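Listed in order, the protein sequences are those of chains A and B.
Be aware that the first sequence starts at 0, since it is given in numbering that gives the first Met the number 0, and climbs by one per residue.
Be aware that the second sequence starts at 0, since it is given in numbering that gives the first Met the number 0, and climbs by one per residue.
Backbone N, C-alpha and C define an ideal beta-carbon position, used for all residues, glycine too.
Owing to the predicted nature of the structure, the values given are computational and were not obtained by experimental measurement.
A quick write-up on the structure given underneath.
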Amino acid sequence: MSAPADNAAKKANVRKKIKLTAYFLLIPWFLGITVFRLYPMVMNLYYSFTDFHPLGEPIWIGIENYRHMFTIDPVFWPSVRATLFYVLIGTPLVMAAAFFIAFVLNFKLKGVNLFRTVYYIPSILGGNVAVSILWVRMFHPIGPVNTVLNTFGIEHINWFGQPTFAPFTLIILSAWQFGSVMLIFLAALQNVSPTLYEAADIDGARKWRQLFAITLPIITPVMLFNSINVLLRHFQEFNAAALITGGGPLNSTRFLNLYIYEMAFPQLRLGYASALTWILLAGIGVLTAILFTTSRRWVHYSD
Amino acid sequence: MTLQEPKQSRFKKSHINAIIRYIILIFIGFILIYPILWMFGASFKENADIFGSVALLPPFERIVWDHFPAAWQLSTHNTIAFYYMNTLRFLVPRVLFTILSCTITAYGISRFNFPGKKIFFTVVIVTLLMPEVAFRIPVYVLMRDLGLLNTFTSLWIQDAFAVNSFFVFMIIQFMRTIPRELDEAAAIDGCNALQTLWYILVPVLRPIIISVGLFTFMWGMNDYLGPLIYLTGAENRPLSLALAAMVDFDVLVPFGRVFAAASLGLLPTIGIFFACSRFFVESVTNSGGKE
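Structure, rendered in structure tokens:
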């Protein structure tokens, strides 16, 4: 093999083959996306207009599911309310905790790696059923949480008995898992060029001003990325609500994702559950869209 | 702050700053880990020492040693090992197929030039943001029609088809850092596409492949909804369902035994996390930072 022309021809040949190879390699993915994503999405819309028992076939009933949901179902609106409360309180809380800790960790400290690892543990364990067992006991009327609160003079809170308090047991569980969000913030903070701060120091800018004038604007793209992730996570909470509070008391923690499950599987009303799914998707869609459209005003893309 | 400020006080200031940070970090770290430690500790307590107690360990003379052996025998017929095995029966295929299918897909999308490449990448990004609940019911109907209800297959079959766009995206991002000349050189040397992937790219991709495997494993250990929907038979019950049955345990049961069972449920996750924490922390750190 000495002639360069020979090599070039070979290269062209290889390129032609490459095209076919790529399609060949992507066959499983293409099937997966079509069969397990695209097709189900379409069918979900169709089912939402049907009465569908899993032992039979779907029967078209028009908008009856939606009408029932909005006008008759006594659980639907409380469920929407519970979901929104959890999302709107939980998301900012996780973001604030994650940013605060990342801010404290972003300093030349010994043992930063150890702290990063330790803070990440709840994110790994949080969804586990074993943690739900633990949480029920932590917030038990005579559990450790109330014992600690008692020493501060706060009397006996019935965490799982009152609709005012029950959502907070789940919000605290979610906030406990701020670690993964924090790590992403920390990486962003560590990427901020130190020369910016040096320049601000020379200009005599105070540390607080530096936070608002330099740090926050620079990490706004990461802020957007994180808030969308955290928002999606809160909208889809299932394990904690199903296991710790069971949706109660008085539906105060019956998040839509839990309600959808209850309608679909124990109640076997697949059509109605599909209609509920679209409400949840609409909620996710609206809040994500708000974040994206307002992001033009508050997200700074530097380079 | 004036320019004349003596050096010594500056030095002191940064020291105080560091001390305050350490205090905050240690305090918060303790609060975060406390519940887990409390649970482990409670696995050695009598009921009387659990109620109303914030102590991590019982008084020495009242330590109960047999909660763990008792928890090992989780139900009348089966030990906890039986439930672990059931979890592994869907988790091992899930991990292997996720790695395999997502790597091949990422390879196909990122390393070849072909018509439709951009659309394919867009599809990956769009499906990345789609929540699982959007497909749950129709996928269930599909599994019913395929006769897969109450089989372990139903819990991993999707993963054999690279449906997890998050992982596909992560691997694509990683692959972009590997020079493409390597592939072409391998192709000219007579490697076919799969050989190029296996001999040239996979060795470089190792850290990201391990991360994908670890995340799949961790999320699978926490998966409760999947088994709840699909594994209806008692003979297939995995650990998450067995533990779920203990959430509302009876007051008459020794609590320590339930905590011991829960601790046994978390142990593999914690063990693997500490053994591989480097991979976790690094891949999470990278997932948001790169555009």
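First and last residue of the uninterrupted alpha helix (DSSP H) at R66 (chain A):
Working through the first sequence from its first residue, we reach residue 66 (chain A) at position 67. Taken as a continuous stretch (DSSP letters only), the alpha helix (DSSP H) holding R66 (chain A) covers 63-70.
According to the Cβ coordinates, are H66 (chain B) and G255 (chain B) closer than 8 Å?
If you number the second sequence from 1, residue 66 (chain B) lands on position 67. If you number the second sequence from 1, residue 255 (chain B) lands on position 256. At the C-beta level, H66 (chain B) and G255 (chain B) come within 8 Å of one another.
Between N191 (chain B) and Q172 (chain B), what straight-line distance do the alpha-carbon atoms span, to the nearest angstrom?
To locate residue 191 (chain B), count along the second sequence from 1; it is residue 192. To locate residue 172 (chain B), count along the second sequence from 1; it is residue 173. Whole-angstrom Cα-Cα distance: 23 Å.
Whose CA, out of A:F184, A:E197, A:R36, A:Y22, lies closest to the CA of I217 (chain A)?
Looking up residue 217 (chain A) in the first sequence gives position 218. Nearest option by C-alpha distance: A:F184.
What does the Cβ neighbour count give for Q72 (chain B), buried or exposed, with the cut at 16 atoms within 10 Å?
Numbered from its first residue, the second sequence carries residue 72 (chain B) at position 73. Burial call: exposed.
Looking at chain B, which residues of the stretch 242-261 of chain A have a Cβ within less than 8 Å of any of its Cβ atoms?
L242, I243, N256, I259, Y260
Under 7 Å by beta carbon: chain B residues contacting V135 (chain A)
Position 136 of the first sequence, counting from 1, holds the residue named residue 135 (chain A). Simply V246.
Euclidean distance between Cα positions of S210 (chain B) and L95 (chain B):
Reading the second sequence from its first residue, position 211 is the one you call residue 210 (chain B). Reading the second sequence from its first residue, position 96 is the one you call residue 95 (chain B). Straight-line Cα distance between these residues: approximately 12 Å.
Can you tell me which of the three DSSP states W59 (chain A) falls into?
Taking the first residue of the first sequence as 1, we reach residue 59 (chain A) at position 60. It is a strand residue.
Close-in-space but distant-in-sequence residues of the same chain around A69 (chain B) (CB under 6 Å, 5 per side omitted):
Translated into the one-based positions of the second sequence, residue 69 (chain B) becomes position 70. Here the set comprises R256.
As a quick exercise: from A:R253, A:T219, A:L275, pick the residue whose alpha carbon is nearest that of A263 (chain A).
Numbered from its first residue, the first sequence carries residue 263 (chain A) at position 264. Ranking the options by Cα distance to A263 (chain A), first place goes to A:L275.
Pull out every residue of the stretch 32-51 of chain B whose Cβ sits closer than 9 Å to any Cβ of chain A, in chain order.
I32, Y33, P34, I35, W37, M38, A41, I49, F50, G51
Residue from B:M220, B:D247, B:A244 whose Cα sits closest to the Cα of L266 (chain B):
Residue numbering aside, residue 266 (chain B) sits at position 267 when the second sequence is read from its first letter. The shortest Cα separation from L266 (chain B) among B:M220, B:D247, B:A244 belongs to B:M220.
At a Cβ cut of 9 Å, what residues of the stretch 159-175 of chain A count as close to chain B, listed as they run along the chain?
W175
Quick one: what's got a C-beta closer than 7 Å to W297 (chain A)'s C-beta in the same chain, skipping five residues either side?
In the first sequence, the residue the question calls residue 297 (chain A) occupies position 298. Closer than 7 Å at the Cβ level, and outside the excluded window around W297 (chain A), lie T219.
Identify the continuous alpha helix (DSSP H) that holds Q189 (chain A) and give its terminal residues.
The residue given as residue 189 (chain A) occupies position 190 in the first sequence. Taken as a continuous stretch (DSSP letters only), the alpha helix (DSSP H) holding Q189 (chain A) covers 178-190.
What whole-angstrom Cβ distance do P166 (chain A) and S251 (chain A) have, given they're in contact under 8 Å?
Working through the first sequence from its first residue, we reach residue 166 (chain A) at position 167. Working through the first sequence from its first residue, we reach residue 251 (chain A) at position 252. Right, the Cβ-Cβ distance comes to about 6 Å (below 8 Å), so this counts as a contact.
May I ask you to list the residues that DSSP assigns as paired with T49 (chain A)?
Mapped onto the first sequence, residue 49 (chain A) falls at position 50. Answer is A:W59, bridged to T49 (chain A).
Cβ shell of T176 (chain B) (< 7 Å), same chain only, five flanking positions each side left out
Here residue 176 (chain B) refers to the residue found at position 177 of the second sequence. Contacts found: none.
Return the CA-CA distance between N112 (chain B) and L19 (chain A), expressed in angstroms with no decimal places.
Working through the second sequence from its first residue, we reach residue 112 (chain B) at position 113. Working through the first sequence from its first residue, we reach residue 19 (chain A) at position 20. Approximately 10 Å between the Cα atoms of the pair.
Three-state secondary structure assigned by DSSP to K18 (chain A)
Here the question's residue 18 (chain A) lines up with position 19 in the first sequence. DSSP places K18 (chain A) in the helix class (H, G or I) of the three-state scheme.
What does a CB cutoff of less than 8 Å around S226 (chain A) pick up in its chain, not counting 5 residues either side in sequence?
By 1-based counting over the first sequence, the position of residue 226 (chain A) is 227. Listed in chain order, the non-local C-beta contacts of S226 (chain A) below 8 Å within the same chain comprise T90, M94, L290, local neighbours out to five positions each way being set aside.
So which of A:A129, A:F69, A:A97, A:Y45 has the shortest CA-CA distance to I60 (chain A)?
To locate residue 60 (chain A), count along the first sequence from 1; it is residue 61. Out of A:A129, A:F69, A:A97, A:Y45, A:Y45 has the C-alpha closest to the C-alpha of I60 (chain A).
Under 9 Å from the C-beta of S210 (chain B): neighbouring residues of chain A
Counting from 1 along the second sequence, the entry for residue 210 (chain B) is found at position 211. Under the 9 Å cutoff, chain A gives no residues; its nearest Cβ is about 13 Å from S210 (chain B).
Start-to-end residues for the alpha helix (DSSP H) that takes in S239 (chain B)
For the purposes of this step, residue 239 (chain B) is taken as the residue at position 240 of the second sequence. 238-243 is the extent of the alpha helix (DSSP H) around S239 (chain B).
For R115 (chain A), return the contacting residues in chain B, with the cut-off set at a CB-CB distance below 8 Å.
Along the first sequence, one-based indexing puts residue 115 (chain A) at 116. The contacting residues are V280.
With C-beta atoms as the reference, is R93 (chain B) less than 8 Å away from T215 (chain B)?
Numbered from its first residue, the second sequence carries residue 93 (chain B) at position 94. Numbered from its first residue, the second sequence carries residue 215 (chain B) at position 216. Yes, these two residues count as a Cβ contact at 8 Å.
Buried or exposed by the 16-neighbour rule on C-beta atoms within 10 Å, applied to D188 (chain B):
The residue labelled residue 188 (chain B) in the question sits at position 189 within the second sequence. With fewer than 16 other Cβ atoms within 10 Å, it is exposed.
On the three-state DSSP scale, how would you describe L56 (chain B)?
Within the second sequence, residue 56 (chain B) is the residue found at index 57, counting from 1. Coil, per DSSP.
With a cut-off of 8 Å, does the C-beta of P130 (chain B) fall near any C-beta of chain A?
Numbered from 1 along the second sequence, position 131 holds the residue referred to as residue 130 (chain B). True, the Cβ-Cβ gap to chain A drops below 8 Å.
With 16 as the cutoff for other CB atoms within 10 Å, does D182 (chain B) come out buried or exposed?
Against the second sequence, residue 182 (chain B) aligns to sequence position 183. Buried, since its Cβ has 16 or more Cβ neighbours within 10 Å.
Residues near L263 (chain B) by beta carbon distance below 8 Å, same chain, minus five either side
Translated into positions along the second sequence, residue 263 (chain B) becomes position 264. In its chain, beyond the 5 residues on either side, F67, A70, W71, I79 have a beta carbon closer than 8 Å to the beta carbon of L263 (chain B).
Suppose only complete runs of 4+ residues qualify. What are the alpha helix (DSSP H) ranges in the stretch 126-158 of chain B, listed by chain order?
135-144
Given a cut-off of 8 Å on the beta-carbon distance, is the pair I141 (chain A) and G51 (chain B) in contact?
Locating residue 141 (chain A) in the first sequence gives position 142, where the first residue counts as 1. Locating residue 51 (chain B) in the second sequence gives position 52, where the first residue counts as 1. Their beta carbons are under 8 Å apart, which means I141 (chain A) touches G51 (chain B) by this criterion.
Count the other C-beta atoms from every protein chain shown that fall within 10 angstroms of the C-beta of P58 (chain B), then say buried if there are 16 or more, exposed otherwise.
Numbered from 1 along the second sequence, position 59 holds the residue referred to as residue 58 (chain B). P58 (chain B) is exposed by the Cβ-count criterion.
Quick one: give me the first and last residue of the alpha helix (DSSP H) that Y198 (chain B) is part of.
Working through the second sequence from its first residue, we reach residue 198 (chain B) at position 199. Premise fails: Y198 (chain B) is in no alpha helix (DSSP H) and is neither H nor E.
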